[in-house]
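In this note's numbering, the protein residues as written are 42 to 695.
C-beta atoms are modelled at their ideal positions from N, C-alpha and C, and glycine is treated no differently.
Fair warning: this is a prediction, and the values are worked out from it, not measured in the lab.
Comments concern the structure below.
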């Protein structure tokens, strides 16, 4: 479809890549990978025709349509969401106007037997057929499906685009691009502004409905689920792997091992040749052999070994003194902005040592609840931060909050205290800011470099509760892996707001889902929650879903049909009233304990049911990890049932 021939790109005589040649075929799903600065975004711009290469050519057939989504773009105002998305159907609207004009002309004409009238009928039939083939009668339904898939609600369709944040407006641009149905889609970090559900919808769209796709992304799960081919830019060359990303990583490691062995053999060959030349250079009887060795050396082409970033990035969050058993407790927490309700009736308890995730649609209130916990905004209800809790907070825009004028070293020097100031250079080196990099001004740093610098500031203070709001934004895959390992090794409590499934997988043991003004608690990892969403969307039997209980349950909801405790009477005087009030408090506490235990049992039962359903498939029956997980969940279920029984007996006794 598109042919790239001997493409070379240079910036200030520094080559990004040289003599690159490959073909983009129909139905190719290509991941473009390489270290930061390798030229991935530049290559997309060249294919899109927005930038010229230094040498070489990009051959695009005349009828081929290319759609390009850059990381950053200028967004227009003045239309509603629906009107802006309808710009994708400009050609259909033009065709619709031509069909209407032809129809009006046919209605006015009376020369039914003339040749001109018959030609007009043929043109009308041809244009009408084209209009039908291009989806002219049902494009509105396609438009609505796409906008809803990307996270918009129907009530958003008639809102002006100016009311939306930059992230949501980027979704509108993505919707326009997808609705145009280009022959080749070029996507530069398309998941940056999407939540998990929207990312999964986009995966399904690209896998089943797009023609050809070339994308740049740091979301490992996304590129693994979408792509079937990997193009790597390395050492100024482009290497083509006909496999998805995970398989490419394995093959690349094997290729590098082969390169290292070949380089070792070549160095030995060169050393032997030079030793021969030095030994026999002045012996007339060996002159011919010496000249042969010299010519051989001149013809040797040095073997290149793939670049590997060996700079050291080590993260270690230091846990301070032990916190109380419950670092965060929310009781009937609600937040409104004017008449707009963000969430209400939020009841959740984060236990010491837990690692939990806040997930859900953008705008569901994840960052809002984090700000409530931090005390940055007012709220309704009771929110208690536990005893001895010391919070380390990484805000979503933490990297942008850095002062742009100081150097990297000065930024850390300003916040370092005590003996740590003697080790600033060592700390910066551990975060890949060694040598001259520590003297760079913050304003010239990339997004990933700023995020790492903000992480250093977070590490300087010992904490026992980490609250991280989108910590992986702008981080490459390697940096995300290192951060994930550091969080996993942290002994304290962690709350993570993230849409990166690969990052959350194996990291969190509980998921809080935000949406529809409520917060639901789900036990298990991120893929357990995703499986539950898929079961819900596909209409699975209700017993698989009934235990997806809300942490935002009705505040006075009772357990087991037990009615709420009546208000205490004062007939027995002050002492009797105090006794009744204490009994009511104890009863309410036991009711809440029983309810939480029952919800816990229900969630584990639902998780076991979903797992057993997976194990019943041919693929699942051969996956031993599912059996191990099933055994572990059954043990947790037995323990949860015992805890529920104990709590229920205590309530009954009271």
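Going by other Cβ atoms of all chains shown within 10 Å of its Cβ, with 16 needed for buried, is residue i buried or exposed?
i, result
"residue 278", "exposed"
"residue 439", "buried"
"residue 319", "exposed"
"residue 310", "exposed"
"residue 420", "buried"
"residue 268", "buried"
"residue 411", "buried"
"residue 34", "With the chain covering 42 to 695 only, the question about residue 34 has no answer from this structure."
"residue 56", "exposed"
"residue 611", "Summary for residue 611: the model assigns pLDDT 38, below 50, so the residue's position carries little reliability; its value from the coordinates is reported in the next sentence. Exposed: under 16 other Cβ atoms inside 10 Å."
"residue 146", "exposed"
"residue 681", "buried"
"residue 303", "exposed"
"residue 184", "buried"
"residue 68", "exposed"
"residue 280", "buried"
"residue 405", "buried"
"residue 271", "buried"
"residue 519", "exposed"
"residue 119", "exposed"
For residue i, which option in the options has the closest C-alpha, if you only look at C-alpha atoms?
i, options, result
"residue 562", "318, 483, 321, 387", "387"
"residue 384", "298, 136, 555, 549", "555"
"residue 649", "675, 630, 639", "675"
"residue 110", "202, 549, 90, 204", "90"
"residue 210", "260, 125, 261, 267", "125"
"residue 105", "310, 372, 222, 169", "222"
"residue 265", "71, 482, 526", "71"
"residue 576", "654, 507, 501, 518", "654"
"residue 74", "406, 396, 84", "84"
"residue 479", "194, 452, 413", "452"
"residue 643", "429, 565, 499", "565"
"residue 527", "503, 542, 150, 358", "358"
"residue 362", "393, 230, 529", "393"
"residue 414", "433, 405, 401", "433"
"residue 424", "416, 431, 430", "416"
"residue 64", "679, 459, 225, 276", "225"
"residue 198", "130, 483, 122", "122"
"residue 456", "500, 127, 535", "500"
"residue 407", "241, 519, 236, 293", "236"
"residue 259", "378, 232, 291, 390", "232"
"residue 96", "389, 81, 52", "52"
"residue 343", "391, 276, 325", "276"
"residue 256", "250, 624, 213, 227", "227"
"residue 542", "298, 399, 58, 466", "399"
"residue 193", "334, 381, 273, 212", "212"
Give every residue of the same chain whose Cβ lies closer than 6 angstroms to the Cβ of residue i, excluding the five residues on either side of it in the sequence, and list them in chain order.
i, result
"residue 587", "Because the pLDDT at residue 587 is just 48, under 50, the model does not fix this residue reliably, and the value given afterwards should be weighed accordingly. Contacts found: none."
"residue 488", "515"
"residue 569", "648"
"residue 521", "513, 544"
"residue 101", "43"
Going by beta carbon distance, what residues of the same chain come within less than 8 angstroms of residue i, once the five residues before and after it are set aside?
i, result
"residue 512", "435, 492, 496, 524, 537, 539"
"residue 604", "Residue placement at residue 604 is poorly supported in this model, since its pLDDT is 39, which falls under 50; the coordinates are not used for a value here."
"residue 337", "314"
"residue 428", "364, 365"
"residue 168", "136, 139, 140, 143"
"residue 677", "645"
Near residue i, which residues of its chain fall below 7 angstroms by C-beta distance, leaving aside the five closest residues on each side in sequence?
i, result
"residue 208", "234, 403"
"residue 219", "187, 246"
"residue 94", "48, 49, 50, 87"
"residue 60", "47, 49"
"residue 327", "321"
"residue 692", "631, 632, 635"
"residue 128", "217"
"residue 502", "433"
Is there at least one non-hydrogen atom of the ligand NAD closer than 7 angstroms to the beta-carbon of residue i?
i, result
"residue 186", "The ligand content of the structure shown is nil, which means the ligand NAD is not present either."
For residue i, decide whether its Cβ has a neighbour in chain B, counting only Cβ atoms nearer than 8 angstroms.
i, result
"residue 466", "Included in the structure is just one protein chain, with no chain B present."
With a floor of 3 residues, list each beta strand (DSSP E) that falls wholly inside the region 311 to 386, ordered by position along the chain.
-> 369 to 378
Let me know the alpha helix (DSSP H) ranges lying completely inside the region 50 to 120, each 4 residues or longer, listed in chain order.
-> 81 to 88
Tell me the start and end of each unbroken alpha helix (DSSP H) in the region 399 to 451 that is at least 4 residues and wholly inside, in chain order.
-> 407 to 414
Should the region 541 to 553 be regarded as contacting the region 464 to 483, the criterion being three or more beta carbon pairs within less than 8 angstroms?
-> Touching, no.
Which parts of the region 459 to 510 are runs of the beta strand (DSSP E), unbroken and 3 residues or longer, counting only runs that do not cross its ends?
-> Secondary structure within the region 459 to 510: the beta strand (DSSP E) runs of 3 or more consecutive residues, fully enclosed, are 506 to 510 (chain order).
Can you give, in chain order, each stretch of the beta strand (DSSP E) that sits fully within the region 247 to 309 and has at least 3 residues?
-> 253 to 257, 270 to 275, 278 to 282
Which whole runs of the beta strand (DSSP E) in the region 185 to 252 are 3 residues long or more, in chain order?
-> Runs found: 225 to 229.
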